[in-house]
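Undergrad:
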Amino acid sequence: MSQRRKVAASQGKRRSQAALENDGGEDVSFTQPTSSQLQRARDNFTSVQVDHKAAEVVQFILIKDQKKIPIRRTDIAKHIVKEYRAVYQDIMVRVGLIFERVFGMELVEIDTKSHTYILINKLEPTTEEPLSLNPKIGLLFVVLSVIFMKGGVIKEAVLKNTLKKLRVDFEERHDEFGDVKKLITEEFLRQKYLEYTRVPHTDPPEFEFRWGIRAEKEVSKLKIIELVGQLHNQDPQIWTQQYREATSQSSQSSQRS
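Under the UniProt record's numbering, the first residue of the sequence shown carries the number 1, and numbering increases by one thereafter.
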């Protein structure tokens, strides 16, 4: 093989590898149709065909959402939309309406660069439906509550100590939660409920937690502070900053709906 061919082959291999590794990066494989292409596609596909394709996308997203893993546009296009790519936006408008009207859920694009979606449902724990019904969700709400009440960010060491007081050890397997550390630092991160970042200029390294984008969209801060108030037998308004933030979130949610 000539040197030129070797270089070309090597570059092609690197491009292919980069495409495979572009898991959370920019969605470079999807090109928007021109207005003429869009019109031709709309002429080729009937409204019923587009509705059927939208139903397939809904089913695909529901299956993917079982693990609460964000869904990429590239996967929707590759596995479901296929030859309907030119009318992708028309399909997704229908998909959004189906989730809203049929399931009472919202499909949210959390990254406009990689075009990644999550399906959210307003999680509002009540005393009638105790969190113990779903142990992992219960632990998630404990973690989110601690972060919220601590001002929105908490060191990993502080969270560990807080959970230890509740007899949940980061380093030990729990009867209900399984591998606690993996659940909090991996599963809840993949699901976008938490962010887990290293504190700059720390040696040995220290890490801290914040709410993830799914938690911000899905979890009611007002419900959390009301639950905290019940646990401490206190009026939630005594936590001035947190109560103001919670009511602001609630007001914004009401305006959107």
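Beta carbons are placed, not taken as given, at the ideal position from N, Cα and C, and that holds for glycine.
Small disclaimer: the values here were computed from a predicted structure and weren't measured.
What does DSSP give as the partner residues of F170 in its beta bridges?
TA: Along the sequence shown, one-based indexing puts residue 170 at 170. Answer is none; F170 lacks a bridge partner.
Undergrad: Restricting to runs no shorter than 3 residues, where is the beta strand (DSSP E) found entirely within the segment 134-220?
TA: 153-155, 194-198 and 207-211
Undergrad: Between which two residues does the alpha helix (DSSP H) carrying I63 extend?
TA: Stepping through the sequence shown from its first residue, residue 63 is reached at position 63. Residues S47 to D65.
Undergrad: Tell me, which residues are paired with E109 by DSSP?
TA: In the sequence shown, the residue the question calls residue 109 occupies position 109. Per DSSP, Y117.
Undergrad: Using only alpha-carbon positions, find the residue among P200, K53 and K223 that is nearest to G96.
TA: Taking the sequence shown and counting its residues from 1, one reaches residue 96 at position 96. The shortest C-alpha separation from G96 is found at K53.
Undergrad: With a Cβ-Cβ cutoff of 8 Å, do K192 and R210 count as a contact?
TA: The count along the sequence shown starts at 1 and reaches residue 192 at position 192. The count along the sequence shown starts at 1 and reaches residue 210 at position 210. No, the Cβ-Cβ distance between K192 and R210 is not below 8 Å.
Undergrad: By the 10 Å Cβ neighbour count, where 16 or more other Cβ atoms means buried, how is G104 classified, buried or exposed?
TA: Taking the first residue of the sequence shown as position 1, residue 104 is located at position 104. Classification for G104: exposed.
Undergrad: Is D203 close to the ligand ZN? I mean its beta-carbon at under 7 Å from any heavy atom of the ligand.
TA: The ligand content of the structure shown is nil, which means the ligand ZN is not present either.
Undergrad: Which residues mark the beginning and the end of the alpha helix (DSSP H) in which T74 is found?
TA: Start at 1 with the first residue of the sequence shown, and residue 74 comes out as number 74. Residues R73 to I76.
Undergrad: Using a Cβ-Cβ distance under 8 Å, would D179 count as near chain C?
TA: Checking the listed chains, one finds no chain C in this structure; it contains a single protein chain.
Undergrad: Just how far apart, CA to CA, sit D169 and V180?
TA: The residue you call residue 169 lines up with position 169 of the sequence shown. The residue you call residue 180 lines up with position 180 of the sequence shown. Roughly 7 Å separates the two Cα atoms.
Undergrad: Work out the CA separation of K82 and V146 for me, nearest whole Å.
TA: Taking the sequence shown and counting its residues from 1, one reaches residue 146 at position 146. Taking the sequence shown and counting its residues from 1, one reaches residue 82 at position 82. Rounded to whole angstroms, V146 to K82 spans 44 Å at the Cα level.
Undergrad: I want to know whether the segment 102-116 touches the segment 67-80 - three or more CB-CB distances under 8 Å.
TA: Touching, per the Cβ criterion.
Undergrad: Around the C-beta of G212, are 16 or more other C-beta atoms found within 10 angstroms, so that it is buried, or is it exposed?
TA: Indexing the sequence shown from 1 puts residue 212 at position 212. By the neighbour-count rule (16 or more Cβ atoms within 10 Å), G212 is buried.
Undergrad: Are the segment 146-156 and the segment 219-236 in contact at 8 Å, needing three or more beta carbon pairs?
TA: yes
Undergrad: Residue 334: which of K136, S220, F207 and T202 sits nearest, CA to CA?
TA: Residue numbering for the chain in the displayed model covers 1 to 257; residue 334 lies beyond these limits and cannot be assessed.
Undergrad: In terms of alpha-carbon separation, which member of D203, S35, Y84 and K64 lies closest to T46?
TA: Here the question's residue 46 lines up with position 46 in the sequence shown. Of D203, S35, Y84 and K64, the smallest CA-CA separation from T46 is found for Y84.
Undergrad: Sort N121, R42, L62 and Q242 by Cα distance to E218 and report the nearest one.
TA: Counting from one through the sequence shown, the residue named residue 218 turns up at place 218. Selected option, being the one with the closest Cα: N121.
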